[in-house]
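Trainee: One structure coming up, written as structure tokens, with questions to follow.
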Amino acid sequence: MRIGGIEAGGTKMVCAIGDENGKIIDRVTFPTRGPKETFEDMIGYFRKWEIEALGIGCFGPVDLNKSSKTYGYITSTPKPGWKDTDVVGTFKNALGVPVGFDTDVNGAILGEVTWGAAKGADTAIYITIGTGVGVGVYVNGGLLHGLVHPEAGHMLLAKHPGDSYEGKCPYHRTCLEGLAAGPAIEARWGRKGAELADNADVWELEAFYIAQAVTNYILAYSPQKIILWGGVMHQESLFPMVREKVKEMLSGYISHEMIFEKMDEYIVKPALGEDPGILGAIKLGMLAISEFSINKA
Ligand code: ADP
Ligand code: ZN
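What follows is the structure in structure tokens.
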């Protein structure tokens, strides 16, 4: 079985062909330009491979409501040229196959639940801390959409008393993204995260904010597994610091061995390396096939 997957990002489009076991057979990357040129490249690629279905994990915000007129669109993005872009319709028309669609981070948690670190979990979250912060949420065996889709990267946080930085998010200033994403680190400390690897104060503060958000996600979603990744988490010394602070912040309130004894297995990096997003997209394609046959029956 050949399934196409797209990890659709604001700077690049990772396109791959995979099978039903999560094996990637081929992959290419196209730079994200205007929708027209970018779609043409991707459609050309998938036509060559004669895929049976396509799955897309997409940068957003996106419309995931299947009864909406703009289902499958990128909606209100500030990215030039991409506002109100019909993604699902474009690929369905061009390729004539079932198309699965979700947010990029929901794609990533789906990949990890299916083949990675959250295998076997029915409730798990994927948090990426990079240029922005995104959180994919899988609850009771399905991806969480709700009113729009979760935007838990913008969770509002209490500031550290010693932090005078105003916060970078244009909407909330001091949400998780505004305080802890890569651009916030650079604005606060005057250098990029990767150049600050040896500055303990940077990571102490960073862990304080990430742990606060993770504590809130544990309280709200009750995940069985928490996966953290993205450029900023490549500073891997953050993992033990975040685990320790989460335990402190929960203050014994959630009584479970994962928190008391098995934090190392609870808050982890992806098992799929840099591929949870693209593998999740392939799984979205597989799910679109089963949905397609249910709708036909
Ligand atoms: P994106 O979020 O754009 O998809 P990434 O997940 O790679 O991309 O995140 C990019 C951000 O991560 C940048 O702000 C960069 O400065 C930061 N970053 C990359 N490597 C590191 C590192 N080793 N330590 C801390 N921050 C890093
Ligand atoms: Zn925000």
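Everything in the sequence shown is counted per the numbering used here, starting at 11 for the first residue and increasing by one.
Positions of the beta carbon are idealized from the N, C-alpha and C atoms, including for glycine.
Taking just the CA atoms, how far does Thr141 sit from Gly192?
Mentor: Near 5 Å, if we compare the C-alpha coordinates of Thr141 and Gly192.
Trainee: Where are the alpha helix (DSSP H) runs, 4 residues long or more, that stay fully inside the segment 109–192, in chain order?
Mentor: Listed in chain order, they are 114–125 and 186–190.
Trainee: Checking the sheet assignment: what are the DSSP bridge partners for Pro41?
Mentor: DSSP lists Lys22 as partners of Pro41.
Trainee: I want to check one thing, is the minimum distance from the CB of Val242 to the heavy atoms of the ligand ADP below 6 Å?
Mentor: Yes - the ligand ADP has a heavy atom lying nearer than 6 Å to the Cβ of Val242.
Trainee: Do Ala118 and Gln234 come within 7 Å of each other at the CB atom, strictly closer than that value?
Mentor: No. Outside cutoff.
Trainee: When we look at the beta-carbon of Asp73 and count the other beta-carbons within 10 Å, is it buried (16 or more) or exposed?
Mentor: Buried, by the Cβ-count rule.
Trainee: Gly121: which of Lys89, Glu30, Tyr231 and Ala194 sits nearest, CA to CA?
Mentor: The residue with the shortest Cα to Cα distance from Gly121 is Glu30.
Trainee: Give a yes or no on whether the minimum CB-CB distance between Tyr55 and chain C is below 7 Å.
Mentor: Among the chains of the structure shown, chain C does not appear; only one protein chain is present.
Trainee: Compute the distance between the beta-carbons of Ser298 and Pro108, then report whether it is under 7 Å.
Mentor: Per the sequence presented here, residue 298 reads as Ala, with Ser not at that position. Yes, they are a contact pair.
Trainee: Can you tell me where the beta strand (DSSP E) with Ile236 in it begins and where it stops?
Mentor: Element bounds for Ile236: Lys235 to Trp239.
Trainee: The beta strand (DSSP E) with Ile4 in it runs from where to where?
Mentor: For residue 4 there is no data in the structure shown, the boundaries of the chain being 11 and 307.
Trainee: Ordered along the chain, which non-local residues of its own chain (more than five positions away) have a Cβ less than 8 Å from that of Trp59?
Mentor: Excluding residues within five positions, the ones whose Cβ falls inside 8 Å are Arg12, Gly14, Ile27 and Asp36.
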